[in-house]
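Trainee:
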Amino acid sequence: MSEVPEPVHHGFEPNPFGPHHDPISSDPIHADVASPVEQPELVQLLTPEGERVEHPDYSIDLSAEEVQALYRDLALVRRVDVEATALQRQGELGIWASLLGQEAAQIGAGRALLPDDMAFPTYREHGVAWCRGIDPLSIIGLFRGCDSGSWDPIESKFSLYTIVIGAQTLHAVGYAMGMQRDEGQGACLAFFGDGATSQGDVNEAFIFAAVFDAPVVFFCQNNQYAISEPIEKQTRIPLYRRASGFGFPGIRVDGNDVLAVLAVTRRALEAARSGQGPTLIEAYTYRMGAHTTSDDPSRYRLASEMEAWKLKDPIERLKAYLVRSGQADAAFFDAIQAESDELAARVRSGTMEMPDPDPVSMFENTYAEITPYLEEQRDTFLAYQAGFSDQDSHA
Amino acid sequence: MSTSPVTLGKALNMGLRKAMEDDAKVLLMGEDIGKLGGVFRVTDGLQKDFGEDRVIDTPLAESGILGTAVGLAMRGFRPVVEIQFDGFVYPAYDQIVCQVAKLHARSRGRLPMSIVIRIPFGGGIGAVEHHSESPEAYFAHTAGLKVVACSNPVDAYWMIQQAIAHPDPIVFFEPKRRYWEKAELDTEATPEPLFASRLVREGSQVTVLAYGPMVKTALQAASAAEEEGISVEVLDLRTISPLDMGPVLASVRRTGRCVVVHEAPSNLGLGAELSARITEACFYELEAPVLRVGGYDTPYPPSKLEEDYLPDLDRVLEAVDRSLAF
């Protein structure tokens, strides 16, 4: 019998980079490398138990209503996520990328955005989309295969989902360079994951942002896994420390603490808007679900790891804080529960009723000015389709 | 009014200047394009006149250049990106193919992608590896991109301005070995449309199709053929994607014979597509199969061998003879 593998630690303690890189500590060449025993600093304003704590550099002062609103965001986006996962299991969606466990990172970041700011998501930022006022059904349409994202990226200030890992970080920097040139008031918030930090595009984005002082904030949700590969396969040092090599500040925040994420992201966006250049935020969190509905995390991580992270659940801790501090009562939570169920029902029925796209629409918008050759193909296609009209081929 | 001989490189420079004067949203981006004026001096003096915010010396990272150009285009700018040499475009290939080419469709037409990607291409300058390639087929194969190639100073001046003003992303190939060729340029003339092929020499027996640096080679071959009593018609394709098939088919219907010439390797190159389209449209008018004269399917060779690799006057004539012998 083989031994049960030792679970890889991804919690806040001990140091997640602990046992893997310690032989170099006595080597003077490597003296500057992160000490294996050093605890990376992590901004936290709310403990996993829901206790409000202070941080010397980051404070936040929210009314009860504002904290309740954050709770509502967290609860509703999780409910949509659960519903979408169920819809995929029932064959209504081709695939779904769950945000389970990352709600606080996304809501904290999303609520830090001001109207002039522009967000650049990966394919998992359902919480940020929610904060930008995008209907969950627009997100679902993509995963159902109806379109590639039906929201208006300019009007909503939320770019399209980007599936090529890290590519959108460069778009964010370019857009921010545009803001510098047309005297825009906002900043860009570029989302990516721990795996993306290995991509050339992300590193090039860091370089361009740094040398042009672009008003952009890099928001890395370190959810500990790039599909199956743990963070140790991407980095030897805590990700937020990468920023120092590029010449701008990096900070690690408890990604399951919505208050801390909000405070840290607000500060970084303010710095960007006021001409102080980029910041890298590493939101330390955990992907509690699978990478997507096509993934099977039981092949590469232990249930006990998940159990440990459940104790740090972003929604439970805010609920505990609201209850403990007397800022919300049972009626509030009942009302959110009822709203969640209503939203889930709307998402479900909206998905079922979503029409298939018109087949000829694939020819539209390939170009701003369609080419004669493509027009010819479109007309041939239409004529071909018309040959089946009596068979009611796309009812 | 103002007619004076200018080089192809200078004509591009003048065209870029005019485009920047006409539209404040036009930005130039690239490596060494500022103070140095580009390794071929195509952007010479533009940073001095338009400033560092509009003529941007970028970090040495092609994917970064294209990726940030995408963001600028989303913001409503019209970035004109210089890729220093053909063989250096590949680090940006992902951004070009997955983002530049697709964002208009992905956004249902909401995101403007007015980006021009200038690439000096082709061989014949005795350069080291990665400096003499002809990668146009990679881009012509990609839906969402348009691809053009200029062959002379007059086209260079107008086509670069038309490409910049066009709403779709365009890969703009510049024949680097012809940068120093001169022609009279009337900046007040009325230009031809961008996506139009042009008959550059009339003939009756064989149609030769070429673009970029091979147009001059094809014309030289046609002159040589004339001395042997063979009448060769030459078309400058100018637009590679979309192809402007009207003039091509009209010519082939007249001559019944066609030779396609390009520096790029023949396998799955533009010649293959042209051959297929001509055959589909002119099957009964053809007197011979469409023949191709291209680079060989090898990596671009060391420069001592490039004269053996590149199509030249004699290889074009040899193909013309083969066509006539059918």
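Chains A and B are the protein sequences, given in the same order. If you're matching positions, the first sequence starts at 1 in the working numbering and goes up one per residue. If you're matching positions, the second sequence starts at 1 in the working numbering and goes up one per residue. Each residue gets a CB set at the ideal place from its N, CA and C atoms; glycine is no exception. None of these values were measured; they are calculated from a predicted model.
(1) Measuring straight from C-alpha to C-alpha, what distance separates B:Ile125 and B:Ser303?
(2) Can you pull the chain B residues whose beta carbon is under 8 Å from the beta carbon of A:Gly50, in chain order?
(3) Where does B:Arg322 fall in DSSP's three states?
(4) What is the rounded straight-line gap between the Cα of B:Ala319 and the Cα of B:Ser134?
(5) First and last residue of the alpha helix (DSSP H) that includes B:Tyr157?
(6) Comparing the C-beta of A:Thr371 with each C-beta of chain B, is any distance below 7 Å?
(7) Does B:Ser63 have its Cβ less than 7 Å from a Cβ in chain A?
(8) What does B:Leu103 pair with, by DSSP beta-bridge criteria?
(9) Residues of chain A with CB closer than 7 Å to the CB of B:Ser107, please, in chain order.
(10) Hey, how far is the Cα of A:Asp334 from the Cα of A:Arg324?
(11) For A:Ser156, which residues in the same chain have their Cβ closer than 7 Å to its Cβ, ignoring the five residues on either side in sequence?
(12) Is B:Tyr93 near the ligand MN, judged by its Cβ being under 6 Å from some heavy atom?
(13) I need the boundaries of the beta strand (DSSP E) containing A:Asp135, first residue and last residue.
(14) Using 10 angstroms around the beta-carbon of B:Leu12, count the other beta-carbons present and answer buried if the total reaches 16, otherwise exposed.
(15) Could you please give the first and the last residue of the uninterrupted alpha helix (DSSP H) stretch that includes A:Pro153?
(16) What does the alpha-carbon distance come out to for the pair B:Lys61 and B:Gly123?
(17) Since I believe B:Ile117 is in contact with B:Ala19 (beta carbons under 8 Å), could you give me their beta-carbon distance rounded to a whole number of angstroms?
(18) Compare the C-alpha of A:Leu142 against each of A:Ala84, A:Ala109 and A:Arg111 and name the closest.
(19) Name the chain A residues whose beta carbon is nearer than 8 Å to that of B:Gln95?
(20) Count the other C-beta atoms from every protein chain shown that fall within 10 angstroms of the C-beta of B:Lys10, then say buried if there are 16 or more, exposed otherwise.
(21) Go ahead and pull the three-state DSSP assignment for B:Arg198.
(22) If I'm right that A:Tyr58 touches A:Ala268 with Cβ under 8 Å, what's the distance once you round it to whole angstroms?
(23) For B:Gly295, list the residues DSSP reports as bridge partners.
(24) Please list the partners that B:Pro59 has in chain A, where partner means a Cβ-to-Cβ separation under 8 Å.
(25) Which residue wins for smallest C-alpha separation from A:Gln106, given the options A:Thr351, A:Ile281, A:Phe363 and A:Ala338?
(26) Taking the alpha carbon of B:Leu8 as the point to measure from, which residue in B:Val154, B:Met29 and B:Leu313 has its own alpha carbon closest?
(27) Excluding the 5 residues preceding and the 5 following A:Trp151 in the sequence, name in chain order all residues of the same chain whose CB lies nearer than 6 Å to its CB.
(28) Evaluate A:Ala31 with the Cβ neighbour count: other Cβ atoms within 10 Å of its Cβ, from every protein chain shown; 16 or more gives buried, anything less gives exposed.
(29) Over what stretch of residues does the beta strand (DSSP E) that includes B:Gly181 continue unbroken?
(30) Nearest by alpha-carbon distance to A:Ser229: which of A:Ala196, A:Ala214 and A:Ile251 is it?
(31) Tell me B:Pro175's beta-bridge partners as DSSP assigns them.
(32) For the region 298-334 of chain A, which segments carrying the alpha helix (DSSP H) assignment without a break, of at least 4 residues, lie completely within its bounds, in sequence order?
(33) In the DSSP assignment, find the alpha helix (DSSP H) that holds B:Gly64 and state where it starts and stops.
(34) Assuming the contact rule is C-beta atoms closer than 8 Å, B:Val316 and B:Ala218 should be a hit. Round their C-beta distance to whole Å, please.
(35) Closest Cβ-Cβ distance between B:Pro328 and chain A: below 7 Å?
(36) Spatial neighbours of B:Gly203 within its chain, please: C-beta separation below 6 Å, excluding the five flanking residues on both sides.
Mentor: The short version:
(1) Taking the second sequence and counting its residues from 1, the one referred to as residue 125 of chain B is at position 125. Taking the second sequence and counting its residues from 1, the one referred to as residue 303 of chain B is at position 303. So the alpha carbons of these two residues sit roughly 8 Å apart.
(2) Along the first sequence, read from residue 1 onward, the residue named residue 50 of chain A stands at position 50. Under the 8 Å cutoff, chain B gives no residues; its nearest Cβ is about 39 Å from A:Gly50.
(3) Taking the second sequence and counting its residues from 1, the one referred to as residue 322 of chain B is at position 322. It is helical.
(4) In the second sequence, residue 319 of chain B corresponds to position 319, counting from 1. In the second sequence, residue 134 of chain B corresponds to position 134, counting from 1. One C-alpha to the other measures close to 21 Å.
(5) In the second sequence, residue 157 of chain B corresponds to position 157, counting from 1. Start and end: Pro153 to Ala165.
(6) Counted from its first residue, the first sequence places residue 371 of chain A at position 371. It does: the Cβ of A:Thr371 has a partner Cβ on chain B nearer than 7 Å.
(7) The sequence position of residue 63 of chain B within the second sequence is 63, counting from 1. So yes, B:Ser63 belongs to the interface.
(8) Here residue 103 of chain B corresponds to residue number 103 of the second sequence, with the count starting at 1. Paired residue(s): none; B:Leu103 is not in a bridge.
(9) Residue numbering aside, residue 107 of chain B sits at position 107 when the second sequence is read from its first letter. Chain A residues near B:Ser107: Pro153 and Leu160.
(10) Sequence index remark: in the first sequence, residue 334 of chain A carries index 334 (1-based). Sequence index remark: in the first sequence, residue 324 of chain A carries index 324 (1-based). Near 17 Å, if we compare the C-alpha coordinates of A:Arg324 and A:Asp334.
(11) Here residue 156 of chain A corresponds to residue number 156 of the first sequence, with the count starting at 1. If we look at A:Ser156 and ignore the five residues flanking it on each side, its Cβ neighbours are Arg132, Gly133 and Ile134.
(12) Judged by which ligands are present, the structure shown has none, so any question about the ligand MN falls away.
(13) By one-based count along the first sequence, residue 135 of chain A stands at place 135. It is not in any beta strand (DSSP E) - A:Asp135 carries neither H nor E in the DSSP assignment.
(14) Here the question's residue 12 of chain B lines up with position 12 in the second sequence. Buried, since its Cβ has 16 or more Cβ neighbours within 10 Å.
(15) On the first sequence, residue 153 of chain A is found 153 positions in, with the first residue counted as 1. Here the alpha helix (DSSP H) through A:Pro153 covers Pro153 to Ser156.
(16) Taking the first residue of the second sequence as 1, we reach residue 61 of chain B at position 61. Taking the first residue of the second sequence as 1, we reach residue 123 of chain B at position 123. According to the sequence provided, residue 61 of chain B is Ala. The question's Lys does not apply to it. One C-alpha to the other measures close to 23 Å.
(17) Counted from its first residue, the second sequence places residue 19 of chain B at position 19. Counted from its first residue, the second sequence places residue 117 of chain B at position 117. The Cβ separation is near 15 Å, so there is no contact.
(18) As a position in the first sequence, residue 142 of chain A is number 142, starting the count at 1. For the residues A:Ala84, A:Ala109 and A:Arg111, the minimum Cα distance to A:Leu142 belongs to A:Ala84.
(19) As a working note, residue 95 of chain B is residue 95 in the second sequence. Chain A residues near B:Gln95: Ala167, Leu170 and Asp201.
(20) Taking the second sequence and counting its residues from 1, the one referred to as residue 10 of chain B is at position 10. Buried.
(21) Here residue 198 of chain B refers to the residue found at position 198 of the second sequence. Strand.
(22) Start at 1 with the first residue of the first sequence, and residue 58 of chain A comes out as number 58. Start at 1 with the first residue of the first sequence, and residue 268 of chain A comes out as number 268. Incorrect: roughly 10 Å between the Cβ atoms, too far for contact.
(23) Mapped onto the second sequence, residue 295 of chain B falls at position 295. Beta-bridge pairing links B:Gly295 to B:Pro265.
(24) For the purposes of this step, residue 59 of chain B is identified with residue 59 of the second sequence, where counting begins at 1. The contacting residues are Glu204, Ile207, Phe208 and Val211.
(25) As a first step, residue 106 of chain A is located in the first sequence; it is residue number 106 there, counting from the start. The residue with the shortest Cα to Cα distance from A:Gln106 is A:Ile281.
(26) For the purposes of this step, residue 8 of chain B is taken as residue 8 along the second sequence, with counting starting at 1. Measuring from the Cα of B:Leu8, the nearest candidate turns out to be B:Val154.
(27) To locate residue 151 of chain A, count along the first sequence from 1; it is residue 151. Taken in chain order, the residues that qualify are Ile134 and Ser138.
(28) Within the first sequence, numbered from 1, the residue matching residue 31 of chain A stands at position 31. Any reading at A:Ala31 needs caution, since the residue's pLDDT is 45, under 50, leaving its predicted position unreliable; the model's value is listed next. Counting Cβ neighbours within 10 Å, A:Ala31 comes out exposed, since fewer than 16 surround it.
(29) Numbered from 1 along the second sequence, position 181 holds the residue referred to as residue 181 of chain B. One point to set straight first is that residue 181 of chain B is Glu, not Gly, in the sequence displayed. It is not in any beta strand (DSSP E) - B:Glu181 carries neither H nor E in the DSSP assignment.
(30) Taking the first sequence and counting its residues from 1, the one referred to as residue 229 of chain A is at position 229. The amino acid occupying residue 229 of chain A in the given sequence is Glu; Ser does not appear at that position. When only C-alpha atoms are compared, the closest one is A:Ala196.
(31) Indexing the second sequence from 1 puts residue 175 of chain B at position 175. Per DSSP, B:Phe121.
(32) 303-310 and 314-324
(33) Here residue 64 of chain B corresponds to residue number 64 of the second sequence, with the count starting at 1. Counting along the chain, the alpha helix (DSSP H) containing B:Gly64 begins and ends at Glu62 to Met74.
(34) Within the second sequence, the letter at position 316 stands for residue 316 of chain B. Within the second sequence, the letter at position 218 stands for residue 218 of chain B. Correct: roughly 6 Å between the Cβ atoms.
(35) Here chain B comprises residues numbered 1 to 326, so residue 328 of chain B is not present and cannot be evaluated.
(36) For this step, residue 203 of chain B is matched to residue 203 along the second sequence. Contacts found: Ser231, Val232 and Glu233.
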